[in-house]
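Numbering (the working numbering), first residue to last: 3 to 104.
Right, one structure below, let's go through it.
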């Protein structure tokens, strides 16, 4: 039976796949570890990753508490949506030219 929400491993793999597909627009990095020694993932979405830290930013926290699954699910799907629609949605282009999403 398939789980309703993505596991940690599934979402990490999705971010890795997105980074392979869109290396100019997404960076995946670890900003620490949980007490279970799992990486705490941070993704950066931008049209210019080299200058991402110099632009205004939106910081979206997908998971704080273990049983709050929907925030994590939304973060994964939002990143997926932005990257897959960046070339065809002028609003997304404008936004990622002017700012960064973490």
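All residues carry an ideal CB built from backbone N, CA and C; glycine is no exception.
Please read these numbers as outputs of a predicted model, since none were measured by experiment.
Quick check on this structure: which residue in the options has the alpha carbon closest to the alpha carbon of residue i?
| i | options | result |
| --- | --- | --- |
| residue 15 | 45, 6 and 36 | 45 |
| residue 59 | 47, 69, 73 and 94 | 47 |
| residue 12 | 102, 103, 91 and 74 | 74 |
| residue 101 | 65, 56 and 80 | 56 |
| residue 2 | 104, 9 and 6 | Residue 2 cannot be examined here, being either before or after the span of the chain that is shown, 3 to 104. |
Between which residues of its own chain and residue i is the CB-CB distance below 8 angstroms, once the five residues before and five after are set aside?
| i | result |
| --- | --- |
| residue 35 | 41 and 42 |
| residue 85 | 20, 23, 24, 27, 28 and 47 |
Among the residues of its own chain, which have a CB less than 6 angstroms from the CB of residue i, if the five just before and after it don't count?
| i | result |
| --- | --- |
| residue 21 | 28 and 30 |
| residue 54 | 46, 48 and 102 |
How would you write the range of the alpha helix (DSSP H) that residue i sits in, first residue to last?
| i | result |
| --- | --- |
| residue 95 | 92-100 |
| residue 20 | 10-23 |
(request) At 3 residues or longer, and completely inside the stretch 34-89: list those beta strand (DSSP E) runs for me, N to C. (result) 41-47
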